[in-house]
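Residue numbers (the working numbering): 68 to 323. Take a look at the structure below.
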């Protein structure tokens, strides 16, 4: 049975398998069982839940085909201390796509996921600013494209530090936004959150590290990717990446 499970997880390496299984599970839980949970929190920017709920009205294919989480996971996988014996936390997966990706890369690992909105029993409903986990629970935390939705990013980062082990890894991915991003796409696609909210968010590796420094959090940055396409205009970015923005990613080791 164990080998069958590992074989099954190996199939998650195929985007087509992830889409196929993801569609069946989305249709079963969301369309048939009407399974849907959400949590209103004080520390999310206006429109966060409605923004994410749009993805559930039909099968959330974009989550299953976007490449950015693959890149963040690749950064994590390149670190030798993250392995099949690690306990991972995924913050804000929204759908099951990121969980499948992690299962493929770490098939024997313990993987936990939380979000404030979900149709999946794989995802616990929790506030990332104030989780129910004990101190030093996780070996690695992946916060993929969540931090910008927070109106109190310091609190979210402090909470991640609280629940990560000594020498644990925190991997963070965020969008790099320009003021013209929302201006260009706002009328075409109402799913984009208002720039007035997003422009207050962290927008670089330096800004994220400044939060760590200001909170006296001992750390080192193992690897980073700091918006290498930021000189492109939004039309060029959309042509290259399929998104109106470039990305900021970093892996941080925390010392306690």
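The beta-carbon is built from N, C-alpha and C at its ideal position, and this holds for glycine as well.
Looking only at its chain, what residues have a beta carbon closer than 8 Å to the beta carbon of residue i, apart from the 5 residues adjacent to it on each side?
i           : result
residue 116 : 105, 107, 183 and 184
residue 188 : 96 and 102
residue 233 : 203, 321, 322 and 323
residue 58  : Since the first residue of the chain shown is 68 and the last is 323, residue 58 is not available in this structure.
residue 199 : 193
residue 137 : 168
residue 85  : 79, 131, 164, 167 and 168
Can you list, in chain order, the residues of its chain whose CB lies under 6 Å from that of residue i, leaving out five sequence neighbours each side?
i           : result
residue 291 : 272 and 317
residue 257 : Residue placement at residue 257 is flagged as unreliable, the pLDDT there being 49, under the threshold of 50; a coordinate-derived value is accordingly withheld.
residue 191 : 181
residue 328 : Look at the range of the chain in this structure, 68 to 323, and you will see that residue 328 is not part of it.
residue 135 : 314
residue 179 : 156
residue 111 : 216
Just to confirm, are residue i and residue j a CB contact at a threshold of 8 Å?
i           : j           : result
residue 171 : residue 83  : no
residue 79  : residue 161 : no
residue 206 : residue 149 : yes
residue 202 : residue 224 : no
residue 268 : residue 222 : no
residue 289 : residue 237 : no
residue 197 : residue 226 : yes
residue 298 : residue 315 : no
residue 296 : residue 286 : no
residue 126 : residue 93  : yes
residue 174 : residue 73  : yes
Taking only beta-carbon atoms, is residue i less than 8 Å away from chain B?
i           : result
residue 109 : The structure shown contains no chain B, having only a single protein chain.
Looking at the structure shown, is residue i part of a helix, part of a strand, or coil, going by DSSP?
i           : result
residue 125 : coil
residue 36  : It is not possible to answer for residue 36, since the shown part of the chain is limited to 68 through 323.
residue 115 : helix
residue 182 : strand
residue 144 : helix
residue 74  : helix
residue 204 : coil
residue 211 : strand
residue 91  : helix
Based on the DSSP secondary-structure assignment, which residues constitute the bridge partners of residue i?
i           : result
residue 316 : 240 and 292
residue 286 : 321
residue 233 : Paired residue(s): none; residue 233 is not in a bridge.
residue 154 : 177
residue 217 : 111
With a threshold of 7 Å on Cβ separation, who are the neighbours of residue i within its own chain once the five nearest residues in sequence on each side are excluded?
i           : result
residue 119 : 161 and 184
residue 275 : 239, 269 and 317
Any contact between the stretch 147-164 and the stretch 201-210? By contact I mean 3 or more CB pairs, one from each, below 8 Å. Judged by Cβ distances under 8 Å, the stretch 147-164 makes contact with the stretch 201-210, as three or more pairs qualify.
Decide if the stretch 72-91 is in contact with the stretch 120-132; the criterion is three or more beta carbon pairs, one per stretch, under 8 Å apart. Contact between the stretch 72-91 and the stretch 120-132 is present: three or more C-beta pairs spanning the two stretches fall below 8 Å.
Using 8 Å as the threshold, is the stretch 226-243 in touch with the stretch 307-317, meaning 3 or more CB pairs across them? yes
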